[in-house]
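Notes to accompany the following structure.
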Amino acid sequence: MANAPRSPPRSRLSRAAASRAVGSLLKWIRAQRNSNNIAATGHDDSIYLILTLTKTPHKVHSKPYRILLPHPIHDPSTVSLILDDRPNSLLTLSDARDLVRSLSIPISQILSLSDLRSGILPGGELLFADRRIARLLRSFDKKGKNKKSKRSIPVEVDFTRKVWPEYVRRVCFSTVLNLGSGTCCGIRVGRASQESDEIVDNLVAAVDGAVQNVPRKWSSVKGFHLKTSESLALPIYERSNWPQKKVGDDDNDNDEDSEEEERVEDEKHRKIDRRAEGATGKRARDGSQSVS
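Numbering-wise (UniProt numbering), the sequence shown opens with residue 1 and increments by one.
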């Protein structure tokens, strides 16, 4: 009999707390703009969720986790799509524009390989490209006039597959979580130009998505903070402020399962260390015997 799927852990972040943090951060951003005479249309601050873990993960994941969000974190005016218009290409510029428009995919600029060859380069921060020409983009960047501009790493798309519009949409409506070798990581959740409710929606979704992808779920989370690249970090969740689970409580946090998972994971690493020590000792003994 197959085991029933485990339900996701209950969120410990209330929407009210998220809304207060977003409101305070947006108020600070507006105050900074007013004091520095910066036009709101000239600069759009990115807003980040900072995840702090109780300890460094045992396993470093080189591939980022993608977390779906209710609202795109990229302004559509900064999203570009590049097609391969050489002979035998299945997708034309007009077909791509019709699909993007009909499916409301937040992309403003659609170019072809011929456009790049004529000197028209894509701008913005999110770039989709036909996988057949993605590697050619770097050579066009070198030929461009604005060599100092920061170039985006293109997201490769297989336009031979019918599901490519859904893939592009998922990337537009998502953010990434990179679990590195440290205890802190930043997750982009919005822009200062977005509506407050949209940022709150993204923040709540990003917290739940991040917890789903870290070992031991909430048991591994030390805290969540909200900030821009220049602001102070506003706390929205701290483990020390969360009441400890009492005997008999039924809260669906899966803390007991998480602790058991941690014990199993620690035992795996102890076994790996013992095997490594045994192999090292065997090589040393073999070496001493060969010398004698």
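From the three backbone atoms N, C-alpha and C, an ideal C-beta is built for every residue, glycine too.
Quick one: grab the DSSP three-state call for residue i.
{"i": "threonine 52", "result": "strand"}
{"i": "isoleucine 236", "result": "strand"}
{"i": "glycine 124", "result": "coil"}
{"i": "glycine 182", "result": "coil"}
{"i": "arginine 12", "result": "coil"}
{"i": "glutamate 166", "result": "helix"}
{"i": "aspartate 250", "result": "Caution applies to aspartate 250, whose pLDDT of 42 falls short of 50 and renders its modelled position unreliable; the model cannot decide the point."}
{"i": "leucine 81", "result": "strand"}
{"i": "aspartate 45", "result": "coil"}
{"i": "arginine 30", "result": "helix"}
{"i": "lysine 147", "result": "Low confidence applies to lysine 147: its pLDDT is 48, below 50, so where it sits in the model is not reliable enough to give any reading."}
{"i": "arginine 20", "result": "helix"}
{"i": "arginine 216", "result": "coil"}
{"i": "serine 174", "result": "strand"}
{"i": "leucine 93", "result": "helix"}
{"i": "glutamate 230", "result": "coil"}
{"i": "alanine 129", "result": "strand"}
{"i": "serine 35", "result": "helix"}
Identify, in the order they occur along the chain, each residue of the same chain with its Cβ nearer than 8 Å to the Cβ of residue i, setting aside the five sequence neighbours on each side.
{"i": "glycine 248", "result": "Below a pLDDT of 50, predicted positions are generally treated as unreliable, and glycine 248, at 41, falls in that range; no measurement from the model is reported."}
{"i": "alanine 129", "result": "Leu81, Ile82, Leu137, Pro154, Val155, Glu156 and Val157"}
{"i": "isoleucine 105", "result": "Leu99, Pro165, Val168, Arg169 and Cys172"}
What is the rounded straight-line gap between the Cα of residue i and the Cα of residue j?
{"i": "leucine 126", "j": "leucine 90", "result": "23 Å"}
{"i": "asparagine 202", "j": "lysine 227", "result": "14 Å"}
{"i": "isoleucine 50", "j": "serine 118", "result": "42 Å"}
{"i": "leucine 68", "j": "serine 174", "result": "4 Å"}
{"i": "leucine 81", "j": "leucine 116", "result": "12 Å"}
{"i": "isoleucine 187", "j": "arginine 66", "result": "10 Å"}
{"i": "isoleucine 73", "j": "aspartate 158", "result": "23 Å"}
{"i": "glycine 190", "j": "proline 87", "result": "40 Å"}
{"i": "aspartate 75", "j": "glycine 123", "result": "12 Å"}
{"i": "threonine 92", "j": "valine 100", "result": "12 Å"}
{"i": "leucine 26", "j": "arginine 169", "result": "27 Å"}
{"i": "aspartate 45", "j": "glutamate 156", "result": "27 Å"}
{"i": "arginine 135", "j": "alanine 16", "result": "46 Å"}
{"i": "threonine 52", "j": "isoleucine 120", "result": "42 Å"}
{"i": "isoleucine 133", "j": "serine 196", "result": "38 Å"}
{"i": "serine 14", "j": "valine 163", "result": "35 Å"}
{"i": "proline 215", "j": "glutamate 198", "result": "28 Å"}
{"i": "serine 94", "j": "serine 240", "result": "56 Å"}
{"i": "arginine 131", "j": "serine 139", "result": "15 Å"}
{"i": "valine 207", "j": "glutamine 194", "result": "18 Å"}
If we call anything under 8 Å between Cβ atoms a contact, is residue i one with residue j?
{"i": "threonine 160", "j": "threonine 56", "result": "no"}
{"i": "leucine 83", "j": "serine 112", "result": "yes"}
{"i": "cysteine 185", "j": "valine 79", "result": "no"}
{"i": "proline 70", "j": "alanine 205", "result": "yes"}
{"i": "serine 35", "j": "valine 200", "result": "no"}
{"i": "leucine 103", "j": "proline 165", "result": "yes"}
{"i": "isoleucine 47", "j": "alanine 233", "result": "no"}
{"i": "serine 220", "j": "threonine 54", "result": "yes"}
For residue i, which residues from the same chain have a beta carbon less than 7 Å from its beta carbon, with the 5 sequence-adjacent residues on both sides left out?
{"i": "glutamate 238", "result": "Gly223"}
{"i": "serine 114", "result": "Asp85"}
{"i": "alanine 96", "result": "Leu81, Leu83 and Ile110"}
{"i": "tryptophan 28", "result": "Ser231"}
{"i": "serine 108", "result": "Pro76, Ser77 and Val79"}
{"i": "asparagine 213", "result": "Tyr65 and Leu177"}
{"i": "isoleucine 236", "result": "Leu13, Ala17, Ala18, Ala21, Phe224, His225 and Leu226"}
Under the rule that 16 or more other beta-carbon atoms within 10 Å means buried, what is residue i, buried or exposed?
{"i": "residue 293", "result": "Nothing about residue 293 can be reported from this structure: the residues present for the chain run from 1 to 292 only."}
{"i": "glycine 209", "result": "buried"}
{"i": "alanine 31", "result": "exposed"}
Determine, for residue i, whether the minimum Cβ-Cβ distance to residues of chain C falls below 8 Å.
{"i": "glutamate 198", "result": "No chain C is part of this structure, which consists of one protein chain only."}
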